[in-house]
Structure formats: structure tokens, C-alpha cells
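The numbering of the sequence shown is the working numbering, which starts it at -5 and goes up by one. Every residue, glycine too, gets a C-beta built ideally from N, C-alpha and C. Predicted model, so just to flag it, every value in this text is computed and none were measured.
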Amino acid sequence: MKPCVIFLLGMMMFLGCAGKKKLARRAELDHINSWVCVYSSDAPVDEIRKFDLAVLDSDSHPDLTELKKSDTLLIGYVSIGEVGDYRWYWNDIKGKPWILDKNPNWDSYMIDVRSDEWHEFLIERIIPKILTKGFDGIFLDTIDNAEYLQRYHPKKKYPMMEAAMVRLIKSIRKSLPSAYLVANRGFAILDEIAGSIDAVVAESIFTTTDFEQSVTRRNRPHEYEPITKQLRSMQRKDGLKIFTLDYPNLENEFDIEKIIADSQAFGFVPYISTPQLDKVFIYTLKNSESN
-5 MKPCVIFLLG MMMFLGCAGK KKLARRAELD HINSWVCVYS SDAPVDEIRK FDLAVLDSDS
55 HPDLTELKKS DTLLIGYVSI GEVGDYRWYW NDIKGKPWIL DKNPNWDSYM IDVRSDEWHE
115 FLIERIIPKI LTKGFDGIFL DTIDNAEYLQ RYHPKKKYPM MEAAMVRLIK SIRKSLPSAY
175 LVANRGFAIL DEIAGSIDAV VAESIFTTTD FEQSVTRRNR PHEYEPITKQ LRSMQRKDGL
235 KIFTLDYPNL ENEFDIEKII ADSQAFGFVP YISTPQLDKV FIYTLKNSES N
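What follows is the structure, encoded as C-alpha cells:
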């Protein structure tokens, strides 16, 4: 048999296996009706187990051995467009030319994701360490930084950031053919990465948080409708699972119930919390039980 034919047959088998794995992951996510996002080692295991899926910090998390005794899917956090100086790998990368401006809202630094060195470090060192802990997949945070640096940064010197972020996410999928990949936001590049991810978290589409004033307001329909339209299209076309994450005023029960109802009306799976994400809240479980 000619080498080119052997190569083509091999590629067909590889793509076939990859396609089956994708379908299996998405079929599993179809049964997810609740989720929680909490970044604290003190989060109660018994509370987390009540949810179908949990996004946890990859360093500060409860006992995964205990959590894996339940059917809850466990997704480990990683920031792919930003890095905090409190992470275990900070000393290995601080001072690199691809470490950029400090994020004024968080104790972390933006990353030039055009760097191949960052891609390699993330894929070969950070992510494998997360998965060896027992997580079922990876939560990809700070994807939006690429859009900000390319389109809105005052220095206007970061072209091709979005393309680099797309390339990075596709490389992560290639290195992890079986793991769940959940993208946080990234609406500007969702069409290009839809084939590489299994779900999207639409953070803060129904609410906006003013970090300077420490206040949150409800978004108006004209503010979130373009995003919900895009996400619903991707639900139908690409089979992506859509989760929402919002931070309303927890003293306003009407707002909480309205946000949950709006999310579910679009066919999304909501979660309500605070921007710190350091506690487990069961508002969405109560809502599910009442329905």
C-alpha cells in the first residue's frame, strides 16, 4: 500500500475516534441540569455533590477523592490569558517578555498569547498537572483578554491576539482528545473554537459588576440579546452546552429569580454567586426543585 494511502487511512481513523469522543462528551453534558463554580478549598463537599457539574480552582479545592464518589463532573480552572503571582508556576515565568500589564481588577497579569513558549508551558506543564489530580476536564478562563488586547488596549500594539488564542485552544484540544473543555466567554472567537470545546460559560451576561463601586446592576435586554442569540445559534448548530454565571445583588430575590428564569428560558443552565466565587450558593437548585 502506498504511504500516502496509509497516511490518509490513519487520518480517517484518528478523526473518526476524535468525533466519537466529542459526541460522547456532548451527550454526557446533555444531562447536566445544574452546576456550581467555587474557588475555595473550604467549599463543603456535600453541597458540591448536589450539582451535576462543578468548576473548581485547580489549586484551592476540596478533597477530589471524596467528590469523585459522586456523579458530579469535576472541571479544573486554568487561566490561559492571564496569570496570578500566587500560582505555583509564577516563579518559572515571571520576567518573561510575554507577561504584560497587570489586571487592575485582580491580582494577575495579562499574557501575550502569541507566545509559543506560553503555549508549550501551558500544555506540557500546567494542564497535565491539573488533570492528574482527578479532574474530568479544564475550564478555560480569561479568553476575552485576547479581544481586549487586540481591539481595545490603549497602546494598540497587539495584533493577531484573537488568532493566537484560537490556535492555543485548538492546540489544547489536540493534546486532550478525551477531556471536557469549557470556555469562559470568548464570544469574539466562539465560531472558530466551537469544534474544540464542549461547553461555554456565559459569565455576566445578565448582570454587570462595577468593581470600583462594588455594585452590580441588571443588564437590559438590548445589552444581552446579541449574545444570547449567538449562543442559541451555537447550541443548535454546534451542540454546545451553555451555562450562565451571574452576580446579582443577593439581597434582591426578585433579580435572582428573574435571572435564573431568563437563563432557563433560553435553554441555558444558570448559576448565581458573588464575584469572589468563594462560597456555594443553591439558588438554582431551589429553582429547579420548585419547577
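| task | Out of E206, W92, I187, state which residue places its alpha-carbon closest to the alpha-carbon of L134. | result | Your numbering for residue 134 matches position 140 in the sequence shown. Of E206, W92, I187, the residue nearest in Cα terms is I187.
| Buried or exposed: M331, going by 16 or more other Cβ atoms within 10 Å of its Cβ? | Because the chain spans -5 through 285 in this model, residue 331 falls outside it and cannot be assessed.
| message | Quick check on this structure: which residue in A21, L67, T59 has the alpha carbon closest to the alpha carbon of V30? | response | Counting from 1 along the sequence shown, the entry for residue 30 is found at position 36. For V30, the nearest C-alpha among the options comes from L67.
| Alpha carbon of Y218 to alpha carbon of L175, nearest angstrom | Locating residue 218 in the sequence shown gives position 224, where the first residue counts as 1. Locating residue 175 in the sequence shown gives position 181, where the first residue counts as 1. The straight-line gap separating the alpha-carbon atoms of Y218 and L175 is approximately 24 Å.
| task | Taking P127 as the reference, give the member of I87, D51, V209, P38 with the closest Cα. | result | Within the sequence shown, the letter at position 133 stands for residue 127. For the sequence presented, residue 127 should be read as Lys rather than Pro. If we check each option's Cα against that of K127, D51 comes out closest.
| query | Since V107 contacts A140 with CB under 8 Å, what's their CB separation in whole angstroms? | reply | Here residue 107 refers to the residue found at position 113 when the sequence shown is read from its first residue. Here residue 140 refers to the residue found at position 146 when the sequence shown is read from its first residue. Going by Cβ atoms, the distance from V107 to A140 rounds to 6 Å, so yes, they are a contact pair.
| message | On the DSSP letters alone, give me the boundaries of the alpha helix (DSSP H) that W92 sits inside. | response | Reading the sequence shown from its first residue, position 98 is the one you call residue 92. Careful: W92 lies outside any alpha helix (DSSP H) and carries neither H nor E.
| Is the beta carbon of P269 less than 8 Å from the beta carbon of I254? | Position 275 of the sequence shown, counted from the first residue, corresponds to residue 269. Position 260 of the sequence shown, counted from the first residue, corresponds to residue 254. Not closer than 8 Å, so no.
| message | Do I69 and L47 count as a contact pair if the criterion is CB distance below 8 Å? | response | Position 53 of the sequence shown holds residue 47. Position 75 of the sequence shown holds residue 69. It is a contact, given that the beta carbons lie within the stated cut-off.
| field | Integer Cβ distance of S208 from T238, believed to fall under 8 Å | value | Taking the first residue of the sequence shown as 1, we reach residue 208 at position 214. Taking the first residue of the sequence shown as 1, we reach residue 238 at position 244. Wrong, their Cβ atoms sit about 22 Å apart, outside the cutoff.
| message | For K235, count the other beta carbons within 10 Å of its own beta carbon; 16 or more makes it buried, fewer makes it exposed. Which is it? | response | Position 241 of the sequence shown, counted from the start, is the residue given in the question as residue 235. Counting the other Cβ atoms within 10 Å of the Cβ of K235 gives 16 or more, which makes it buried.
| query | Roughly how many whole angstroms lie between the Cα atoms of A173 and L225? | reply | Indexing the sequence shown from 1 puts residue 173 at position 179. Indexing the sequence shown from 1 puts residue 225 at position 231. Their backbone Cα atoms lie some 22 Å apart in a straight line.
| So F115 is in the alpha helix (DSSP H); what residue range does that whole segment cover? | The count along the sequence shown starts at 1 and reaches residue 115 at position 121. Taken as a continuous stretch (DSSP letters only), the alpha helix (DSSP H) holding F115 covers 110 to 115.
| said: If you reduce the DSSP assignment to three classes, tell me which class I236 lands in. | reply: Stepping through the sequence shown from its first residue, residue 236 is reached at position 242. Three-state result, I236: strand.
| request: Flag S64 as yes when its Cβ comes closer than 7 Å to any non-hydrogen atom of the ligand FAD, and as no otherwise. | output: Looking at this structure, you won't find the ligand FAD or any other ligand, since it has none at all.
| said: Please return the same chain residues whose Cβ sits closer than 8 Å to the Cβ of S284, not counting the five positions on each side in sequence. | reply: One-based indexing of the sequence shown puts residue 284 at position 290. Because S284 carries a pLDDT of 48, less than 50, the predicted location of this residue cannot be relied on, and the following value inherits that uncertainty. Contacts found: none.
| query | My guess is that I221 and F260 are in contact by the Cβ rule of under 8 Å, so how many angstroms apart are they, rounded? | reply | The count along the sequence shown starts at 1 and reaches residue 221 at position 227. The count along the sequence shown starts at 1 and reaches residue 260 at position 266. Their Cβ separation, rounded to whole angstroms, is 10 Å, which puts I221 and F260 out of contact at 8 Å.
| query | What's the gap between the Cα of R179 and the Cα of D138? | reply | For the purposes of this step, residue 179 is taken as residue 185 along the sequence shown, with counting starting at 1. For the purposes of this step, residue 138 is taken as residue 144 along the sequence shown, with counting starting at 1. Distance between the alpha carbons of R179 and D138 is about 7 Å.
| query | In or out: G89 buried (at least 16 other Cβ within 10 Å) or exposed? | reply | Here residue 89 refers to the residue found at position 95 when the sequence shown is read from its first residue. Per the 10 Å Cβ criterion, exposed.
| query | Taking Cβ positions, are I42 and L162 nearer each other than 8 Å? | reply | Taking the sequence shown and counting its residues from 1, one reaches residue 42 at position 48. Taking the sequence shown and counting its residues from 1, one reaches residue 162 at position 168. Going by C-beta atoms, I42 is not nearer than 8 Å to L162.
| Which whole-angstrom value is the C-beta distance of I132 and I121, which I expect to be below 8 Å? | As a position in the sequence shown, residue 132 is number 138, starting the count at 1. As a position in the sequence shown, residue 121 is number 127, starting the count at 1. At roughly 6 Å, the Cβ-Cβ gap stays under 8 Å, so I132 and I121 are in contact.
| request: Go to R161, then tell me how far its alpha helix (DSSP H) extends in each direction, as first and last residue. | output: For the purposes of this step, residue 161 is taken as the residue at position 167 of the sequence shown. R161 -> alpha helix (DSSP H) spans 155 to 169.
| task | Jot down the residue ranges of each uninterrupted alpha helix (DSSP H) in the region 167 to 240, minimum 4 residues, whole runs only, in chain order. | result | 184 to 187, 215 to 232
| Can you tell me whether F200 is buried or exposed, with buried defined as 16 or more other CB within 10 angstroms of its CB? | Working through the sequence shown from its first residue, we reach residue 200 at position 206. With 16 or more Cβ atoms within 10 Å of its Cβ, F200 is classed as buried.
| query | Are the Cβ atoms of I117 and V72 separated by less than 8 Å? | reply | In the sequence shown, the residue the question calls residue 117 occupies position 123. In the sequence shown, the residue the question calls residue 72 occupies position 78. Not a contact, by the Cβ cut-off of 8 Å.
| message | Whole angstroms are fine: how far does the CA of R214 sit from the CA of E197? | response | Position 203 of the sequence shown, counted from the first residue, corresponds to residue 197. Position 220 of the sequence shown, counted from the first residue, corresponds to residue 214. If I take the Cα positions, the gap works out to 15 Å.
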